[in-house]
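Read through the structure below, which is laid out as structure tokens, and then see the notes.
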Amino acid sequence: MTSTLARPELTASDRCDRCGAAARVRAVLPSGGELLFCHHHARQHSSKLKELAADIQTCEA
Numbered sequence: 228m229t230s231t232l233a234r235p236e237l238t239a240s241d242r243c244d245r246c247g248a249a250a251r252v253r254a255v256l257p258s259g260g261e262l263l264f265c266h267h268h269a270r271q272h273s274s275k276l277k278e279l280a281a282d283i284q285t286c287e288a
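See the structure below:
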């Protein structure tokens with residue numbers, strides 16, 4: 228049996244892993260890890276994330 232854990236919504240305390248700004252994008256990697264990005268860094272790294280087949284989740288807050 229396979230179960231999937233739902234990841235919590237991004238909150239105001241979640242920060243970009245690159246610069247510390249408010250995180251607005253979560254990239255879930257196939258390995259199960261995750262990266263949090265502001266919009267700027269999500270755009271900057273989007274091609275590599277697509278190459279890695281990351282699941283991109285955005286927060287519009």
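In terms of the working numbering, the sequence shown is numbered consecutively and its last residue is 288. Where is the CB? At the ideal position from N, CA and C, for every residue including glycine.
Inter-residue spacing [alpha-carbon to alpha-carbon] between residue i and residue j
i	j	result
GLU261	LYS275	14 Å
LEU237	GLU278	24 Å
ALA254	SER273	9 Å
ARG251	HIS268	10 Å
GLY247	ASP241	9 Å
Paired residues, beta bridge with residue i - DSSP
i	result
ASP282	VAL255
LEU237	Looking at the DSSP assignment, LEU237 forms no beta bridge with any residue, so it has no partner.
Under the three-state DSSP convention, the category residue i falls into
i	result
LEU276	helix
ARG245	coil
Residue range of the unbroken alpha helix (DSSP H) whose run includes residue i
i	result
ALA269	266-271
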